[in-house]
Amino acid sequence: MMNFGHYGGGYGMRGRGYRNNIDDDQTPSHYDSQIIKRMIKYFIPYRYLIIVSILAMFFYTGVTIATPWWIGKIIEKHINSSSAEGFPVALLILIVLGIMHFIGNYAYIRVIARISTKVLLSIRINLFKHMHKLSQSFFDQNEVGRLISRLVHDIEQLREFLSIFVITLGDLISLFGILTIMFIMNVQLALLSIITIPIWIIIITLWQRHARKAFYRTRVTTANVNAQLNENISGIRLIQSLNREKPNARMFGNTNYSNLESHLTATRFQAALMPGVEILNSISISLIIFIGGLTILNGNTNFTIGELIAFLLYTYRLYEPIRQLSMQYGFLQRAMVAGQRVFKILDTDPKIEFRKTNSHFIYSKGDIEFKNVNFHYTNTDLVLTDINLQIKHGETIAIVGPTGGGKTSLVSVLTRLYDVTSGEITIDGKNIKTFSQQDIAKNITMIPQDPFIFSNTILENIRYGKTDATQEEVEKVCKLIGIHNFILKLPSGYNHFIQEGGVSLSVGERQLICLARALITNSNIVILDEATSNIDSSTEESISHTLNQIFSKKTVIIIAHRLSTAKNADKINVIENSKITETGTHDTLIKQKGTYYNLWENKAKSTER
Ligand SMILES: Nc1ncnc2c1ncn2[C@@H]1O[C@H](COP(=O)(O)OP(=O)(O)OP(=O)(O)O)[C@@H](O)[C@H]1O
Ligand SMILES: [Mg+2]
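The sequence shown: position 130 = 191 (this note's numbering), numbered continuously.
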């Protein structure tokens with residue numbers, strides 16, 4: 062079964078004056094425990110790998126702590142006491158420690174990368190699935206480029222977040238280990254080495270306040286760039302034909318410029334951090350050399366030169382995790398924002414019920430009724446007002462009327478792309494709100510107003526909604542509507558690959574392919590929204606006989622501007638300004654001398670008929 066109008070061409074161009082999209086939130090907080098909790102759920106399947114990574118981390122931390130201690134010992138035993146005995150072995154042990162450090166670190170990072178990539182994959186798949194369930198109004202309000210930005214960049218940021226989160230955890234553990242051993246060795250010097258940490262915490266807290274906004278700006282401006290890129294690429298033909306290259310380039314330049322500025326601001330914040338740590342580190346080191354040196358010079362035998370050197374090395378190591386934590390802070394910040402956005406989409410209510418309902422709507426007969434239906438889109442006036450309409454199964458009705466009258470909206474609510482604001486629609490006597498959208502999609506075939514071609518072969522495009530259709534079935538349908546020969550003339554026939562949007566085909570050809578795609582599904586209700594509007598009158602005439610035959614036992618709703626298409630319907634409804642104003646057969650409506658009559662007369666004058 063086809064999916065409906067939301068695949069319409071030019072979809073990137075949507076977007077109205079109002080918007081309630083996923084970017085409109087305030088600057089998010091830098092830490093959100095909800096996000097961490099939700100992320101943890103994604104990690105649960107990999108708990109064994111996580112245990113492996115934690116073991117690797119402890120190993121690595123142990124080696125990190127042992128190395129300076131061993132260097133201190135070597136200096137003490139061999140240099141300070143001028144003893145060469147066992148010196149080569151001691152050095153060899155140092156090299157082995159280095160190798161072990163490498164192995165621990167390598168194993169840890171590899172396992173973490175494995176876990177985070179897998180978690181990333183499942184989040185992205187979830188997001189993709191969820192997006193398919195979201196209502197049309199969500200897509201009306203969120204530009205395609207922005208959504209792609211969510212699916213690509215935000216998830217990438219989340220992956221970074223995952224790696225950083227665990228690496229940070231490793232850093233914290235080694236920080237803790239280093240501090241412990243320092244306090245065991247010499248409490249006074251250990252205090253000296255951490256004396257600058259409170260200063261650092263104050264600086265970081267102040268820094269955060271400003272940096273958070275800067276990082277948030279980078280996300281928003283990047284999404285803007287993507288949204289604009291998407292619109293410009295999908296609308297390129299129109300842009301070129303309207304000679305809009307220069308103004309668009311100017312607009313894109315501006316958007317890019319604010320993106321650049323926001324990144325530069327964020328970088329300014331990030332760049333200040335590292336040197337800050339260096340300064341504080343130097344202060345600690347100087348203090349330790351000064352006090353430790355004095356202690357040794359004063360002949361205190363409790364503290365040796367080897368221990369002083371080990372201490373200095375520890376102080377360097379101590380600042381390494383701090384430097385890492387500060388450096389990662391920017392990433393962590395961005396990732397939090399990304400996480401908030403991703404989960405915000407995952408939390409968006411599909412609005413239109415997607416889950417399987419209890420009803421057994423397997424195969425509908427095709428009786429449709431609209432009872433006092435009113436409908437408006439988000440923030441618009443009513444586009445359907447008090448619609449009452451009965452369509453018996455097997456009937457063909459036509460809907461005609463001026464542009465913007467509400468014809469497409471009428472079938473959009475019937476297919477539950479949107480839900481009615483009030484009143485009800487029934488199929489076979491049951492309110493369609495008790496059916497899932499999937500159930501409805503199984504029973505209604507719709508050919509949307511803007512024919513959409515997927516980037517795939519002709520064959521796959523036609524059997525898009527019924528993947529088990531055979532090549533013979535596809536060819537049969539194509540012969541019926543007269544495009545078989547056209548398809549055979551294409552370089553690879555039915556296997557000819559069409560680029561996204563089908564720009565290499567004429568609009569009429571695209572419509573015929575959409576028609577074939579609809580005909581191959583075998584539902585009892587068929588909706589044709591201007592489905593043959595771009596097909597020339599004589600081709601339309603020649604396929605109308607076939608269509609009448611196929612449709613004779615089905616409930617068919619034809620929306621048409623071209624009145625010759627509508628003329629033979631069992632009933633014609635005129636929709637104007639959101640209301641049904643006339644109903645009847647062609648002959649009765651002509652006699653009424655109302656809107657239909659006028660439309661018909663105008664057509665007659667323009668020799669359309
Ligand atoms: N997604 C949307 N969000 C908000 N308003 C919409 C949306 N789609 C349509 N409208 C508005 O609803 C009204 C009816 O539109 P609809 O597409 O039903 O008209 P139509 O009769 O099918 O017109 P046409 O003959 O041009 O296809 C129009 O005023 C239109 O601007
Ligand atoms: Mg329409």
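Cβ atoms here follow ideal geometry from the backbone N, Cα and C, with glycine treated the same way. Owing to the predicted nature of the structure, the values given are computational and were not obtained by experimental measurement.
Check your understanding: Do you know offhand how far residue 538's Cα is from residue 577's?
Key -> In a straight line, the C-alpha of residue 538 is about 6 Å away from that of residue 577.
field: Beta-carbon proximity list for residue 228, same chain, < 6 Å, skipping 5 on both sides
entry: No residues qualify anywhere along the chain.
Inset, instruction - Have a look at residue 494 and residue 480 and give me their C-alpha separation to the nearest angstrom. - result: Roughly 8 Å separates the two Cα atoms.
Excluding sequence positions up to five away, which residues of its chain have a Cβ less than 6 Å from the Cβ of residue 474?
Here the set comprises 436 and 481.
Do you know offhand how far residue 605's Cα is from residue 583's?
Each residue's alpha carbon lies about 18 Å from the other.
Ligand 2 and residue 510: does the residue's C-beta get closer than 8 Å to at least one heavy atom of that ligand? Yes, Cβ of residue 510 sits closer than 8 Å to a heavy atom of ligand 2.
| message | Can you determine whether any heavy atom of ligand 2 sits closer than 8 Å to the C-beta of residue 590, and answer yes or no? | response | With a threshold of 8 Å, the Cβ atom of residue 590 counts as near ligand 2, since some heavy atom of the ligand is closer than that.
State the Cα-Cα distance for the pair residue 624 and residue 664, rounded to the nearest angstrom.
-> The straight-line gap from Cα to Cα measures roughly 8 Å.
| Using a threshold of 8 Å, is the CB atom of residue 486 nearer than that to any non-hydrogen atom of ligand 1? | Not under cutoff, so the answer is no.
| query | Would you say residue 619 touches ligand 2, meaning its beta carbon is less than 8 Å from a heavy atom? | reply | At a cut-off of 8 Å, the beta-carbon of residue 619 does not count as near ligand 2: no heavy atom of the ligand is closer than that.
Q. Can you find a CB in chain B that lies within less than 9 Å of the CB of residue 260?
A. Going by chain labels, chain B is absent from the structure shown, which holds only one protein chain.
Could you pull out every unbroken alpha helix (DSSP H) segment of at least 4 residues lying fully inside the region 158–229, listed in chain order?
197–202 and 205–210, all fully within the region 158–229.
Residue 601 lies in the beta strand (DSSP E); which residues open and close that run?
-> Per DSSP, residue 601 belongs to no beta strand (DSSP E); it is in the alpha helix (DSSP H), 598–612.
### Message
Are there any heavy atoms of ligand 1 lying less than 8 Å away from the beta-carbon of residue 468, as far as the coordinates show?
### Response
The answer is yes for residue 468.
- [ ] On a CA-only basis, which of 616, 180 and 569 is nearest residue 599? Give me that one, please.
- [x] Nearest option by C-alpha distance: 569.
Whole-angstrom distance between residue 297 and residue 563, CA atom to CA atom: When rounded, the distance between both Cα atoms is 14 Å.
message = On a Cα-Cα basis, can you pick out the residue from 173, 287 and 240 that is closest to residue 208?
response = Taking only the C-alpha atoms, the option nearest residue 208 is 287.
- prompt: Can you tell me where the beta strand (DSSP E) with residue 40 in it begins and where it stops?
  reply: Nothing can be reported for residue 40, as the shown portion of the chain is limited to 62 through 670.
- Message: Determine whether the beta carbon atoms of residue 385 and residue 232 lie at a separation below 9 Å.
- Response: In contact: residue 385 and residue 232 (Cβ atoms closer than 9 Å).
Measuring only from the beta carbon, is residue 441 closer than 8 Å to any heavy atom that is part of ligand 1? For ligand 1, at least one heavy atom lies less than 8 Å from the Cβ of residue 441.
Q: Tell me whether residue 428 counts as near ligand 1, meaning its Cβ is closer than 8 Å to at least one heavy atom of that ligand.
A: Residue 428 Cβ: outside cutoff for every heavy atom of ligand 1.
* Asked: Considering only residues of the same chain and omitting the five flanking positions on each side of residue 560, which have a CB-CB separation below 6 Å?
  -> Closer than 6 Å at the Cβ level, and outside the excluded window around residue 560, lie 516.
Residue range of the unbroken alpha helix (DSSP H) whose run includes residue 459: It is not in any alpha helix (DSSP H) - residue 459 instead sits in the beta strand (DSSP E) that spans 457–461.
**For residue 466, the nearest candidate out of 372, 634 and 243 (CA to CA)** = The shortest C-alpha to C-alpha distance from residue 466 to any of 372, 634 and 243 is the one to 634.
So what's residue 491 in DSSP terms, helix, strand or just coil?
-> It is a strand residue.
| message | To the nearest angstrom, how far is the alpha carbon of residue 433 from that of residue 407? | response | Taking the straight line joining both Cα atoms gives about 34 Å.
Review point. If you run the structure through DSSP and keep just helix, strand and coil, what is residue 645?
Key: In the structure shown, residue 645 sits in a strand (DSSP, three-state: E or B).
**OP:** On the DSSP bridge assignment, give the partners of residue 436 in chain order.
**Re:** DSSP, once it has assigned bridges, lists 445 as partnering residue 436.
- Item | Top-ranked residue by Cα proximity to residue 594, from 508, 446, 349 and 142 | Of the candidates 508, 446, 349 and 142, the one whose C-alpha sits nearest the C-alpha of residue 594 is 508.
So, is residue 182 buried or exposed, given that buried needs 16 or more other C-beta atoms within 10 angstroms?
Classification for residue 182: exposed.
| said: With the cut-off set at 9 Å, would you say residue 431 and residue 443 are in Cβ contact? | reply: Result no, Cβ atoms of residue 431 and residue 443 do not sit closer than 9 Å.
>> For residue 218, count the other beta carbons within 10 Å of its own beta carbon; 16 or more makes it buried, fewer makes it exposed. Which is it?
In response: Counting Cβ neighbours within 10 Å, residue 218 comes out buried, since at least 16 surround it.
- Of the listed residues 505, 368, 187 and 113, nearest to residue 698 (C-alpha basis): In the structure as shown, the chain starts at 62 and stops at 670, and residue 698 therefore has no counterpart that could be examined.
If you compare alpha carbons, which of 302, 530, 618 and 374 is closest to residue 453? The residue among 302, 530, 618 and 374 with its C-alpha nearest the C-alpha of residue 453 is 618.
Please confirm whether any heavy atom of ligand 1 lies closer than 8 Å to the CB of residue 337.
-> Outside the cutoff, so no.
According to the Cβ coordinates, are residue 579 and residue 543 closer than 9 Å?
Not in contact: residue 579 and residue 543 (Cβ atoms no closer than 9 Å).
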